[in-house]
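Under UniProt numbering, the first residue of the sequence shown carries the number 1, and numbering increases by one thereafter.
Where a beta carbon is used, it is the ideal one built from N, C-alpha and C, also for glycine.
Remarks on the structure that follows.
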Amino acid sequence: MSLIPSPNDLLAILPILILSGGGILLLGMQFIFQRSEFRIIRFTSGLILVFAFASLLASHFYLPGLGNYFGGHYEIANLGFWFSCLYLIMAFGTILASPRVLEQHNMEFPEFYPLLLFSVVGMFLMTSGTDTVTIFVGLELMSVSLYVLVGMARSDVFSLEASLKYFLLGSFSTGFFLLGMAFLFGGSGTTHLQESLKPLTIAGFESNFTKIGLLLLLTGIAFKIALFPYHSWTPDAYEGALTPVTGFMATASKSASMGLLMVVFSKLPSPVADGEWAWVMGILAFLSMTYGNFVALQQSSLKRVLAYSSIAHAGYVVAGISLGCEKEAIFYLIVYSFMSLGAFALLSFLEEGNKHVTYESIAGLAKTRPWTSLALFLFFLSLAGIPPLGGFWAKLFLFQRIADNGNAIGRLLLIGGIANSALALYYYVKVGISAYMSSTDGEIAQVAPPKTSYGVVFVSAFCLAAVLFGWYFLQPKDLTELRFSKSAELHK
């Protein structure tokens, strides 16, 4: 392998180069543009994401096209393309929804925006890297950026506590992941992910190193996804972080971790892909969806409700991944990301800096803020899977595909998924009951509506449009039916 990258190698990682260079540029700009001029840094960060998105389309559809680059360490594929699009859109939405919250917490720190860009770079490497070292670098780049973002509200003790818990448990997950990498290397002699998993097909003790390595690797990923019983950091981190950061973690970060799990399962040798490893992750998925929904029933804070429901939704997606339902799992993640981003954007608007959004505090909200109430209720109904909203179609496609599997673990996950979806209906619909049917007015409903935040309005409207109509234009079958230019075919 040549140590000098070719032009196609550089074109393949052009979005990463733009994001990395843009993040460094923003770090330098903060010394020039300060105070109220931070809006210039905000505008520049949004522009960088737009350029990165354009370069992603160019590298995927035109040059260099599908294939492996950097000696097999980086791959352009359909799976990575959809995840990369999701990261960029969620980051852009987070930037739009953040200014009001940052101002309310006296947190006009320009480092917020480059950290967001650097975390997206890590996500790119996690789902497009084909070497465990490359993946690990991406995982750590994303994690370290999020540790700082979660604890950025330094005057808030809850934010500092959340950051510390997230950092400590994240460090444990890193240890598991790194030890898994070491065992995979010891069993195969290579750090290439697909090659390091091939010894799984060997009968007897010769494959033990690889089996232990894969188990540790999956444990590290389960921490990042927040599957039960590796979920304990999630509620506190979600509640302590600024709400737009929580929305970014619940969408882009969780999607990256699930995308990494999907990459690992796609690289498993076919003789073992449907065996014990499907059972390992399938059982974790079943426990996660059940635990997440039962504990969410006991919550009053809407941020904690969404935190525990995210554990349940992770269980649904991982159930699909463990059974090979890649297209349906990606579609579910796309729909879930728009639902969560919109819901967290509205919660950040209702908080107005220091209010706690609970079922009691939004009682009677429809009287004073009818449009906000309607949008919030629609997002929660979609999360519950009520037709004809996007959440319903995401669950329908996923459960149909799981039902087609036909084996014992598939039947268990199908029954568990349907039962848990019915159980979750209570705490999702409770939002509408509080906002529309309460005889008393809560704390948030009693105060005058704050000044309109156009960023939140745009993000909420865009996410709501995606939830209401997006399923009509994009379905699981469309995720692999992309047309590529002849140039891309020639450069594969």
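Where residue i falls: helix, strand or coil (DSSP)
i, result
"L490", "For L490, the predicted structure reports a pLDDT of 37, less than 50, and the residue's modelled location is therefore unreliable. A value from the coordinates is still provided. Helix, per DSSP."
"E60", "According to the sequence displayed, residue 60 carries His and not Glu. Reduced to three states, the DSSP call for H60 is helix."
"residue 533", "Shown here, the chain extends from 1 to 492; a query on residue 533 therefore has no answer."
"H192", "strand"
"T358", "strand"
"F484", "Reliability of the predicted coordinates at F484 is poor, the pLDDT of 39 falling under 50, and the value obtained from them is presented with this limitation in mind. Three-state DSSP puts F484 in coil, outside helix and strand."
"E239", "helix"
"Y13", "A small fix is needed here, since residue 13 is Ile in this sequence, not Tyr. In this structure, I13 counts as coil in the three-state DSSP scheme."
"H301", "The amino acid at residue 301 is misidentified as His; the sequence shows Ser. Residue state, collapsed to three classes: strand."
"V447", "coil"
"S119", "helix"
"N407", "coil"
"H105", "coil"
"E111", "coil"
"L341", "helix"
"H313", "helix"
"E352", "coil"
"Q30", "coil"
"W393", "helix"
"W279", "helix"
"V369", "It should be pointed out that residue 369 corresponds to Arg in this sequence rather than to Val. Three-state result, R369: coil."
"G324", "coil"
"Y230", "coil"
"A250", "helix"
"S6", "coil"
Buried or exposed by the 16-neighbour rule on C-beta atoms within 10 Å, applied to residue i
i, result
"E75", "buried"
"R42", "buried"
"A237", "buried"
"D131", "buried"
"residue 520", "The structure shown does not extend to residue 520, since the chain is modelled only from 1 to 492, so the question has no answer here."
"S300", "exposed"
"K327", "buried"
"A488", "Any answer about A488 is weak, because its pLDDT of 39 lies below 50 and its placement is not dependable; what the coordinates show is given next. By the 10 Å Cβ count, A488 comes out buried."
"E239", "buried"
"G23", "buried"
"W277", "buried"
"L19", "buried"
"R483", "With a pLDDT of only 45 at R483, under the threshold of 50, the placement of this residue in the model should not be trusted; the figure read from the coordinates follows. Flag for R483 reads exposed."
"N420", "buried"
"L261", "buried"
"K254", "buried"
"E103", "exposed"
"I4", "exposed"
"T440", "exposed"
"W371", "exposed"
"L490", "In this prediction, L490 has a pLDDT of 37, which is less than 50 and means its spatial position is unreliable; what the coordinates show is noted afterwards. The residue is exposed, with fewer than 16 neighbouring Cβ atoms inside 10 Å."
"Y472", "exposed"
"T480", "exposed"
"I321", "buried"
"M442", "One point to set straight first is that residue 442 is Gly, not Met, in the sequence displayed. With 16 or more other Cβ atoms within 10 Å, it is buried."
Closest residue to residue i among the options (Cα-Cα distance)
i, options, result
"A307", "V317, Q30 and N293", "N293"
"Y428", "I386, V144 and L197", "I386"
"residue 495", "V148, L284, F31 and S301", "Since the first and last residues shown for the chain are 1 and 492, residue 495 lies out of range."
"T44", "Y426, F462 and I95", "I95"
"F92", "K477, A465 and V459", "V459"
"G175", "Q298, A408, T127 and K224", "K224"
"residue 497", "L169, T290 and F377", "Given that the chain is displayed from residue 1 to residue 492, the structure contains no residue 497 and the question cannot be resolved."
"S266", "C325, L10, A250 and L383", "C325"
"I212", "V101, F379 and F185", "F185"
"V144", "T127, M123, S288 and S128", "M123"
"Q99", "V245, M258, A250 and S173", "Correcting the residue type first, residue 99 is Pro in the shown sequence and not Gln. Comparing Cα-Cα distances from P99 to each of V245, M258, A250 and S173, the minimum goes to V245."
"V295", "Y426, E111, S453 and G391", "Y426"
"G151", "E140, L164 and L141", "L164"
"I402", "L350, F344 and V318", "V318"
"F70", "T134, L346, L423 and P110", "T134"
"Q298", "T358, A162 and A314", "T358"
"S310", "T368, W471, W279 and F344", "F344"
"I415", "M437, N208, L11 and T290", "T290"
"G189", "N78, F469, Y113 and S207", "S207"
Legend entry - Three or more C-beta pairs below 8 angstroms linking the region 386 to 405 and the region 323 to 335: yes
Inset, instruction - Flag this pair as touching only if the region 215 to 224 and the region 165 to 182 have three or more C-beta atom pairs under 8 angstroms; answer yes or no. - result: yes
Inset, instruction - Inspect the CB distances between the region 11 to 31 and the region 52 to 67 and report whether three or more fall short of 8 angstroms. - result: yes
Legend entry - beta strand (DSSP E) runs contained entirely in the region 65 to 98, provided each spans 3 or more residues: 67 to 69 and 74 to 76
Inset, instruction - Pick out the complete alpha helix (DSSP H) segments inside the region 125 to 179, 4 residues or longer, and give them in chain order. - result: 132 to 150
Legend entry - Unbroken stretches of the alpha helix (DSSP H), 4 residues or longer, contained in the region 449 to 475: 454 to 473
Legend entry - Touching by the beta-carbon criterion (3+ pairs, under 8 angstroms), the region 414 to 434 and the region 353 to 372: yes
Legend entry - Any 3 or more C-beta pairs closer than 8 angstroms across the region 455 to 475 and the region 407 to 417: no
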